[in-house]
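Here's the structure, in structure tokens; my notes come after.
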Amino acid sequence: MRSIWKGSIGFGLVSIPIKLYSAVEKSSLDLDMLDSRDHAHIKFQRVNENTKKEVPYDKIVKGYKYDDDYVIVEDADFEAAAPEKSKVIEIENFVDITSVNPMFYETSYYTEPETKNNKAYALLLAALKKSGKAGLARFVLRSTESMCIVHPVDSAIVVTRIRFEQQIRDQSELKLDDKVEVSKKELDMGLALINQYAEPLDLSKYKDEYHNELLKLIEAKAKGKRPTIKKLKSKAAKSDDLYDQLMSSLQVKKGA
10 MRSIWKGSIG FGLVSIPIKL YSAVEKSSLD LDMLDSRDHA HIKFQRVNEN TKKEVPYDKI
70 VKGYKYDDDY VIVEDADFEA AAPEKSKVIE IENFVDITSV NPMFYETSYY TEPETKNNKA
130 YALLLAALKK SGKAGLARFV LRSTESMCIV HPVDSAIVVT RIRFEQQIRD QSELKLDDKV
190 EVSKKELDMG LALINQYAEP LDLSKYKDEY HNELLKLIEA KAKGKRPTIK KLKSKAAKSD
250 DLYDQLMSSL QVKKGA
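Using this note's numbering, read the sequence shown as starting at 10 and increasing by one per residue.
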């Protein structure tokens, strides 16, 4: 792994120098865009709209449209906007990790202390595990300020970016009917079905089957074989009654 950010975690008056590493990786296949006529690669060029000529990467700057002109924004401007946040993940308070709605989660990063045998790092890790809390912080990554939670995962402190509240859309535009009544009998059956399917979380049992099947299909086509398209089999309900459907679901699970 290669570090993508260097800075520190601020924990009260304690500063812990760290490196940040991406904790996730994509499992999607690397597909190139080709010309269907000769399978030549499609190349994208950065072209000046006035001269129609390609622009060297070192001549490209970022600009913000202001009135009828652009204001050029440089790296120093991003740092000047929030210099204290550009290199510090400052924990502002601690919250119950279970109180963070999963809708807010974005992506996670492993942290690694800059020095070995860092006692402050070990202390924060142990304290987070013992308390069941997570640190709530803000920091700047790639010129963007992010909210994050600082939490323990096994032997590492993990920084998980979360969305700001204003980024979550309001439900008012959804056509939801809150007047639908569910009977106690239906609710009890629903709870029974949930309990019957309940088990400890073990994500190791689940693989990216679509990725694997697509790779098999590509390998078969490379050998001149035609792919077999699987037809989707629909599951027909025996009854339109919700209670009967729940009861049938319980019976199917019992026979599994």
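All residues carry an ideal CB built from backbone N, CA and C; glycine is no exception.
A check of alpha carbon separations from residue 121 across 213, 10, 188 and 254 identifies 10 as the nearest. Shown here, residue 57 sits in coil according to DSSP, grouped into three states, outside any helix or strand. Residue 165 is bridged by DSSP to 162. The DSSP-derived three-state label of residue 199 is helix. Under the DSSP assignment, residue 152 falls outside any beta strand (DSSP E); it carries neither an H nor an E label.
The Cβ atoms of residue 146 and residue 99 sit closer than 9 Å to each other. Burial is judged here by how many other beta carbons sit within 10 angstroms of a residue's own beta carbon; residue 210 has fewer than 16 and is exposed. The beta strand (DSSP E) runs of length 3 or more contained entirely in the region 28 to 97 are, from start to end of the chain, 71 to 75 and 78 to 82. Beta-bridge annotation (DSSP): residue 143 is paired with 104. With a threshold of 16 other beta carbon atoms within 10 Å, residue 130 meets it and is buried. For residue 114, the enclosing beta strand (DSSP E) starts and ends at 114 to 122.
With a threshold of 16 other beta carbon atoms within 10 Å, residue 161 meets it and is buried. Counting of Cβ neighbours within 10 angstroms places residue 20 among the buried residues, the total reaching 16 or more. In this structure, residue 144 and residue 103 form a Cβ contact; the two beta carbons are roughly 6 Å apart against a cut-off of 8 Å. Counting other Cβ atoms within 10 Å of its Cβ, residue 119 reaches 16 or more and is therefore classed as buried.
CA-CA distance, residue 97 to residue 57, rounds to 37 Å. The C-alpha of residue 70 lies about 58 Å from the C-alpha of residue 190. Across the structure, residue 256 and residue 206 are spaced so that their CA atoms are roughly 14 Å apart. A distance below 8 Å between beta-carbons, with the five flanking residues on each side excluded, links residue 49 to the following residues of its chain, in chain order: 43. Residue 135 has its alpha-carbon roughly 51 Å from the corresponding atom of residue 64.
In this structure, the beta-carbon distance from residue 84 to residue 12 does not fall below 9 Å. A Cβ-Cβ distance of about 7 Å is found for the pair residue 142 and residue 106, placing them in contact under the 8 Å criterion.
In this structure, residue 114 lies near residue 171, with their beta-carbon atoms less than 9 Å apart. Note on the region 168 to 227: there is no whole beta strand (DSSP E) run with a minimum of 3 residues.
In the structure shown, residue 109 falls within a coil segment according to DSSP collapsed to helix, strand and coil. When rounded, the separation of the alpha-carbon atoms in residue 101 and residue 18 is 11 Å. Here residue 10 carries a coil assignment [DSSP, helix/strand/coil].
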